[in-house]
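Here's the structure, in structure tokens; my notes come after.
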Amino acid sequence: MALGGLVFALALQLAPDSSAFFYLPSAHPHLIWALLHLFLPLFSISLALGLFSRLCSVLCWLGVIAVQQANPHILYGADRLLHLLLYWSIFLPLSTTWSADAWLCKTPAPSLPLTNRWAAWAIAGQICIVYCFAALFKSDPLWTQNHNALFYALSIEYLTSPLGLYMRHFPALLRGLTVATLCVEFLGPFLLFIPFHRDRFRMAAVILFFFFHLVCMQSLLMVGFFPWVCATAWLILIPGFFWDVLTGPAGRRSPPVRAARWIRFMDWGMTCLIFFSFVDVLAWNVSSLRSNESEDWVRAHDPSKDVLHLDQHWRMYAPIPHPDHGWLVIPAELADGTQVDLFTNRPVSWATPQDIRAYLGKDRWRIYLGDLMNNQDPEALRQYGGYLVNKWNKAHAENQKVKTISIIFMKQTTLPNLAISEPERVTLYTQKY
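For the sequence shown, our numbering gives the first residue as 561, with consecutive numbering after it.
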């Protein structure tokens, strides 16, 4: 199952840098290490094979949330969508066909018809909410009037592919693609609800969003595995006739046995939980669209926020892509009077890197450093500065210990005339030791 593969990919991506991202005691580094290196790979493989599917969905959901809560500065939309898909998958009959459970179990599992039906509607609604609210957030004239938003997005070099950088030479084409993006995000999900030729329109929606994510987005942007998480979400919505062609009559299981009373009671209970959860999802999205005050009110009064973790907003490149972007230089003065850049471990250079994306590192590092540059959270900057200083001091003699560190944002700005400004030095953090 694709969700298991995504959880395994997440663990594989974060495990090599777990000592950097989760080194603070508050992040429970030993627990996170065990999750990334042992438990999440094990549970995700079991989920991918369809072995103990519902149990492994729960365990993967809990494990992913634990990792995400340990360091929210390395997260982006793919992480939020992944744990939401895992949550809704708990209620789906993932082990019905094409699974180890279906092959090993000789007697059908008890039927949960209400749960299955409402979970299918809920996950379809969740997927539609992602796109419709992402489009509604894009209300700035940059999206709706002059249509230069995609140019701005592709100007953030550390999140842009080589093809995306090249496409900036064609601003007229990018304006057309900006309009197409809004149309796909806002109108595309409604293909799922056309009452006639439902299977055909649903399959058209799946193909449209596969093309949107795996061809368009994947070729222009470097946003980690976000396109793959979105594509996996649409796999869930592939209509039944497609699977009938693949499985044939032999792929169908025998009719489920009549459930006992306690099973029917559990079915109703899980259905009520699905209903409550979806109302919670709607509340979070509507409040995030209205104002920050409304979102803060929901955050303060949502009793399930710290249990179900359904809080969400979908402000991808909205209301406008960040006009400010660039890279970091982190000069440090050592005890012997010399100066070094702790980011590169080389002499300090203020020149523009030839490839900013490669300069900032792998996907998670680019997301993390982008968060530092955009949000400029003092505590996050202090933690990152402390991490670099500790790493340097452990590897060097006493006369080369760090005495002073600065984190400098080399800020470039995308201007209204679509030019990129010259780099400007912005000091984000300074600390003496």
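Built from N, CA and C at the ideal position, the CB exists for glycine as well.
Practice problem: Have a look at the DSSP bridge pairing and note the partners of A892. | Solution: V900, I965
| task | Run the CB neighbour count on V867, radius 10 Å, all protein chains shown included, and call it buried at 16 or more, exposed below. | result | Exposed.
Starting from Y993, trace the beta strand (DSSP E) both ways and give me its first and last residue. Neither: Y993 is in no beta strand (DSSP E) and is coded neither H nor E.
Notebook entry, point to check: Taking the alpha carbon of Y718 as the point to measure from, which residue in G897, W887, I967 has its own alpha carbon closest?
Noted result: W887
N- and C-terminal bounds of the alpha helix (DSSP H) containing G564: 562–574
query = Is S699 near the ligand FAD, going by C-beta to nearest heavy atom under 7 Å?
reply = Although the ligand FAD was asked about, the structure shown includes no ligands whatsoever.
DSSP three-state assignment for V986, whether helix, strand or coil
strand
Q | Enclosing alpha helix (DSSP H) for D759 [first to last residue] | A | 758–771
Checklist entry - Where does E745 land, buried or exposed, given buried means 16+ other C-beta within 10 angstroms? => result buried
With distances taken Cα to Cα, identify the nearest neighbour of K698 among V739, L781, Q686. That would be V739, whose Cα lies nearest to the Cα of K698.
* To do: Run through the region 562–645 for me and flag every whole alpha helix (DSSP H) of 4 or more residues, listed as ranges in chain order.
  => 562–574, 578–581, 589–594, 600–609, 613–630
Could you say which of G930, L734, L948, I968 lies nearest to A580 if we only look at CA atoms?
L948
Q: Pull up the CB-CB distance for W794 and V775, whole angstroms please, since I reckon it's below 8 Å.
A: Incorrect: roughly 13 Å between the Cβ atoms, too far for contact.
Next on the checklist: Cutting at 8 Å between CB atoms, please list the residues of its own chain near L600, excluding the five before and the five after it.
Outcome noted: Excluding the 5 residues flanking it on each side, L600 has same chain C-beta neighbours closer than 8 Å at V567, F568, L570, A571, C620, G623, V624, V627, in chain order.
Practice task
Just mark A979 as buried or exposed, buried being the case when its beta carbon has 16 or more other beta carbons within 10 Å.
Solution key: exposed
Between V805 and L641, how many whole angstroms is the CB-CB distance? I'm expecting something under 8 Å. That pair is no contact at about 28 Å.
request  = Using alpha carbons as the reference points, say which of G748, Y712, P589 lies closest to H729.
outcome  = Y712
Q: Tell me whether the beta-carbon of G784 lies closer than 8 Å to the beta-carbon of Y919.
A: In this structure, G784 lies away from Y919, with their beta-carbon atoms at least 8 Å apart.
Starting from E717, trace the alpha helix (DSSP H) in both directions and tell me its first and last residue. Going by DSSP, E717 is part of no alpha helix (DSSP H) at all; its letter is neither H nor E.
Using only the alpha-carbon positions, how far apart do L563 and N845 sit? 24 Å
Could you check where the alpha helix (DSSP H) with L733 kicks off and where it finishes? Unbroken alpha helix (DSSP H) run through L733: 731–747.
- Through-space distance from T831 to R812, alpha-carbon basis: Because the pLDDT of R812 is 48, which lies under 50, any placement of that residue in the model is unreliable, and the number read from its coordinates should be weighed accordingly. In a straight line, the C-alpha of R812 is about 25 Å away from that of T831.
### Task
Inspect the beta-carbon positions of V690 and W874 and report whether they are closer than 8 Å.
yes
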